[in-house]
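Let me begin by presenting the structure, written as structure tokens, before commenting on it.
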Amino acid sequence: GENVEQHPSTLSVQEGDSAVIKCTYSDSASNYFPWYKQELGKRPQLIIDIRSNVGEKKDQRIAVTLNKTAKHFSLHITETQPEDSAVYFCAAGDSSASKIIFGSGTRLSIRP
Amino acid sequence: GAGVSQSPSNKVTEKGKDVELRCDPISGHTALYWYRQSLGQGLEFLIYFQGNSAPDKSGLPSDRFSAERTGGSVSTLTIQRTQQEDSAVYLCASSSDGRDTEAFFGQGTRLTVV
Chain A
11 GENVEQHPST LSVQEGDSAV IKCTYSDSAS NYFPWYKQEL GKRPQLIIDI RSNVGEKKDQ
71 RIAVTLNKTA KHFSLHITET QPEDSAVYFC AAGDSSASKI IFGSGTRLSI RP
Chain B
56 GAGVSQSPSN KVTEKGKDVE LRCDPISGHT ALYWYRQSLG QGLEFLIYFQ GNSAPDKSGL
116 PSDRFSAERT GGSVSTLTIQ RTQQEDSAVY LCASSSDGRD TEAFFGQGTR LTVV
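If you read the protein sequences in the order shown, they are chains A and B. Heads up, the first sequence is in this note's numbering, so the first residue is 11 and it goes up one at a time. Heads up, the second sequence is in this note's numbering, so the first residue is 56 and it goes up one at a time.
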């Protein structure tokens with residue numbers, strides 16, 4: 011089955027700088043890679059996702075890249091703002107179990 | 056409602072008591088997940104239902120935990136003989152097909168075992 015590894019577990023960046031979170035996956039048949047943001051005390055919510063037929067997707071200050079050969083994908087947040095402080099989870103679809111597998115999460119803190 | 060609904064939102068129970076947590080998924084969603092999240096921690100997978108297939112129970116931490124999904128819709132997570140280490144937020148999520156579409160989360164049930 012699918013295994014998703016996420017790094018780093020915590021990340022602190024200066025406001026205005028960029029943040030990068032990286033994930034690797036094991037199932038070469040996976041074709042769906044969502045990212046979720048969980049603000050303190052709230053439920054996880056989808057912020058961006060990418061499918062295996064593209065290598066990069068961008069939505070304003072957020073971008074995700076996918077390298078299918080290396081089986082890794084990354085979340086990039088540019089011009090970070092205080093409201094970006096949250097826990098971010100990557101995930102990948104498990105083709106055999108037909109379900110989503112989540113990474114362990116990254117706690118992102120934005121320093122003023 | 057339009058989203059995933061969980062009840063109760065908060066539950067305080069005495070050690071040794073049984074509790075039932077309820078999840079109403081989005082109508083038409085065939086996939087339903089239960090996760091446990093301890094304070095400041097990640098999403099611990101518990102159980103997964105997909106349509107009429109046998110549920111994936113590989114994440115249940117002990118035989119005190121069980122879950123049902125009746126009629127392919129509402130799900131109930133039951134914890135028997137609760138222990139203090141069961142204290143956590145229990146999150147339910149549903150998606151239209153399981154592996155290739157967005158999972159929508161409920162607001163969670165905060166369980167406190169005293």
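The beta carbon of each residue, even a glycine, is placed where N, CA and C say it ideally should be.
Between which residues of its own chain and residue 155 of chain B is the CB-CB distance below 8 Å, once the five residues before and five after are set aside?
none
Please list the segments of the alpha helix (DSSP H) lying wholly inside the region 128-153 of chain B, counting only runs of 4 or more residues, in order along the chain.
none
Assigned secondary structure, residue 155 of chain B (DSSP; H/G/I helix, E/B strand, else coil):
In the structure shown, residue 155 of chain B falls within a coil segment according to DSSP collapsed to helix, strand and coil.
Under 6 Å Cβ to Cβ from residue 72 of chain B, same chain only, skipping five residues before and after it: list those, please.
Same-chain partners within the cutoff: 137.
Endpoints, the beta strand (DSSP E) within which residue 120 of chain A is located
116-121
Rounded separation between residue 27 of chain A and residue 116 of chain A - CA only:
17 Å
In the structure shown, what three-state DSSP assignment does residue 49 of chain A receive?
coil
Out of curiosity, what's the CA-to-CA distance linking residue 81 of chain B and residue 77 of chain A?
Approximately 32 Å, taken between the alpha carbons.
Evaluate residue 92 of chain B with the Cβ neighbour count: other Cβ atoms within 10 Å of its Cβ, from every protein chain shown; 16 or more gives buried, anything less gives exposed.
buried
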